[in-house]
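These notes are about the structure you will find just below.
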Amino acid sequence: MDLGNTHNLEGADYIVEGAISGKDILASMKNIDHAYKEEVVYGVYNNAGKPWSVRFNDFLVDRSKVTLKDRSYFFHMLAVMVDAGIPVVSAVKALVARSDNPRFRRILNTIAHNVESGSSLAEAMNRFDDVFDESEVGIVRSGEATGRLHLMLFKLSEKLDRRHDLSLKLWSAAVYPIAVFSVLILVAVGMLIWVFPTLLNLLKDSGIEEANLPFATRLLIGIQTGFVEYWWLILVVLFGLYGLFTFYVGTDYGKARWDYFKLRTPIVGGLLRKVYVLRFVSMVGLLIDSGLPVIKSLKIAGSSISNTIYKLKVQDVIDKVRNGQRVSDGLSDTAFLFPPEVVQMLRVGESSASLGKVSNKIGDQYDREIDNSLKKISSVFEPVLILVVGVFVALLALAIMAPIFNLSNNIG
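Shown next as structure tokens:
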């Protein structure tokens, strides 16, 4: 389409296809750009008069997740800017455009608005307790109070990065066995639905009695028959069991029993205990270094752990510290949860008034131990998975190929 010759688009008043002028195009583009860059501030923004598509998009955005990586990047860049002398409000506003998460952009806009209105950064963050947990808010508050905000932000960003890396390592270790078992289940279901019925029809047409078939074949026939005829009952039972389990772990007692069971699970339980010790001591070290009192640090660190057994133990330690005991004394009676070497190092840290520093060293040590444990678990699971796959393939081959060989011999 020929738009014509013009040297100044903003000043041109030509007609495109006899309907839309150049000024109209520019105005439309500006409206689109304004709509895209519209700053949403919670408590100020009102979408009541917006089209339904905008309201629906707001509904989805406001329920989206802010990831650990989003927060880590935000704290790191905010630390860099504050360290360079940029005011907090200007730094937060500048980081809005750097985020790819639409909800996080809205949250940062709101934080900048509230800080500009007189709130502290910690107070503005505390409004979004589903995004920033108590430890993050506490560290920022302490940094603001002591004038070391940029240092605390750097340390917080580093801790979140390590947590993110640990999550990736745990997920990577779990993906392989989950993928293998998922493929085995899909192959088994596919064989039962499509392959095995054809084999059964072939055997019936050949006059072979079911009693003369190999045990593996008769076993698969029983499974296939039950699966085809009672698939609805299987689904009801599975969903029912899932519902009962969800209800059980939703109770305080049920969650505590389930958390204890996970800690006692062979191989995996030991890894989980190391993860919880790492998370606890790392958070305690960071909180104490930020200037928070020991009891407050213990309380925040305990709330950051999802395992009920560890939560109860941390609360027990807090009660003992309030009664005059040391942290190491409170942890010394549960070697299952906190190994003796951890307790001993904490005792040394308390004696030398360097509990925060020692806690960080324990965290570094356990970070390396978790890496080694993941490697050991992978080395154990790989041969087990190969054995399981081999047995599965052998049973399928025996159940399917044996009657075919018998049929060939009868025909011969």
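When we follow our numbering, the leftmost residue of the sequence shown carries the number 12, and every step to the right adds one.
For each residue, glycine too, the CB sits at the ideal point set by N, CA and C.
Is the Cβ-Cβ distance between residue i and residue j less than 9 Å?
i: T319; j: Y287; result: no
i: K180; j: I306; result: no
i: R159; j: S301; result: yes
i: V151; j: V126; result: no
i: M356; j: K331; result: no
i: V399; j: L203; result: no
i: V353; j: V292; result: yes
i: V206; j: N120; result: no
i: D73; j: K61; result: no
i: D172; j: S317; result: no
To the nearest angstrom, how far is the alpha carbon of residue i from that of residue j?
i: G154; j: G313; result: 21 Å
i: Y47; j: P304; result: Confidence at Y47 is low in this model, with a pLDDT of 42, below 50, so the placement of that residue should be treated as unreliable; the coordinate-derived value is given next. Roughly 45 Å separates the two Cα atoms.
i: I36; j: N112; result: In this prediction, I36 scores a pLDDT of 43, lower than 50, which makes its location untrustworthy; the coordinate-derived value is nonetheless stated afterwards. Whole-angstrom Cα-Cα distance: 29 Å.
i: N137; j: S75; result: 18 Å
i: A184; j: F115; result: 29 Å
i: R379; j: K170; result: 15 Å
i: W182; j: I234; result: 33 Å
i: T209; j: V239; result: 14 Å
i: R275; j: R268; result: 11 Å
i: S32; j: L71; result: For S32, the pLDDT reaches just 47, beneath the cut-off of 50, and the residue's location in the model is therefore unreliable, leaving the point undetermined.
i: G261; j: A95; result: 47 Å
i: K41; j: L79; result: Low confidence applies here, because K41 scores a pLDDT of 46, under 50, leaving its location unreliable; read the following figure in that light. If you take the alpha carbons of K41 and L79, they lie about 34 Å apart.
i: D327; j: S339; result: 12 Å
i: Q336; j: R358; result: 11 Å
i: K273; j: V279; result: 8 Å
i: H124; j: L177; result: 34 Å
i: W243; j: K215; result: 27 Å
i: L249; j: L255; result: 10 Å
i: Y377; j: R333; result: 28 Å
i: G149; j: R290; result: 16 Å
i: A408; j: L213; result: 17 Å
i: D375; j: Y241; result: 53 Å
i: T257; j: K386; result: 32 Å
i: S64; j: S128; result: 31 Å
i: S363; j: L252; result: 53 Å
i: T157; j: G341; result: 30 Å
i: A108; j: F85; result: 11 Å
i: P351; j: P394; result: 33 Å
i: A133; j: F67; result: 31 Å
i: V247; j: L197; result: 19 Å
For residue i, which residues in the same chain have their Cβ closer than 7 Å to its Cβ, ignoring the five residues on either side in sequence?
i: T228; result: A410, A413, P414
i: A90; result: H161, L164, F165, S168
i: K310; result: I329
i: S389; result: A184
i: D81; result: S110, N112, F115
Thinking C-alpha only, which one of the options is nearest residue i?
i: L211; options: Y241, L230, I196; result: L230
i: G237; options: A133, Y187, V200, Q336; result: V200
i: P277; options: S384, L342, I245, L177; result: S384
i: S146; options: M294, V248, Y377; result: M294
i: G11; options: G296, F347, K322; result: Here the chain comprises residues numbered 12 to 423, so residue 11 is not present and cannot be evaluated.
i: A135; options: W182, M88, V103; result: V103
i: R284; options: K372, F349, I388, V198; result: F349
i: S193; options: F416, L396, L407; result: L396
i: G401; options: V191, S131, L177; result: V191
i: L406; options: L289, A123, I232, I245; result: I232
i: G360; options: V206, A156, G296; result: G296
i: D263; options: K322, I245, G251, G254; result: K322
Sorted by chain position, which residues of the same chain lie with C-beta nearer than 8 Å to residue i's C-beta, five sequence neighbours on each side aside?
i: D144; result: S314, S315
i: I118; result: Y53, V77, F139, V142
i: F392; result: Y187, P188
i: L345; result: Residue identity differs from the one stated: residue 345 is Thr in this sequence, not Leu. So the list reads K324, once near-sequence residues are dropped.
i: V93; result: V99, A102, L160, H161, L164
i: S131; result: R152, E155
Give every residue of the same chain whose Cβ lies closer than 6 Å to the Cβ of residue i, excluding the five residues on either side of it in the sequence, and list them in chain order.
i: I299; result: S308, L366, G367
i: I43; result: Residue placement at I43 is flagged as unreliable, the pLDDT there being 39, under the threshold of 50; the coordinate-derived value follows with that caveat. Closer than 6 Å at the Cβ level, and outside the excluded window around I43, lies no residue.
i: S110; result: R116
i: P225; result: A413
i: K266; result: V260, T319
i: M461; result: Because the chain in this structure spans residues 12 to 423, residue 461 falls outside the shown range and cannot be described.
i: S343; result: V354
i: S370; result: V292, V295, G296
i: I122; result: V103, A135
Would the beta-carbon of residue i be found less than 8 Å away from any heavy atom of the ligand MN?
i: V148; result: For the ligand MN, the structure offers nothing, since it holds no ligand at all.
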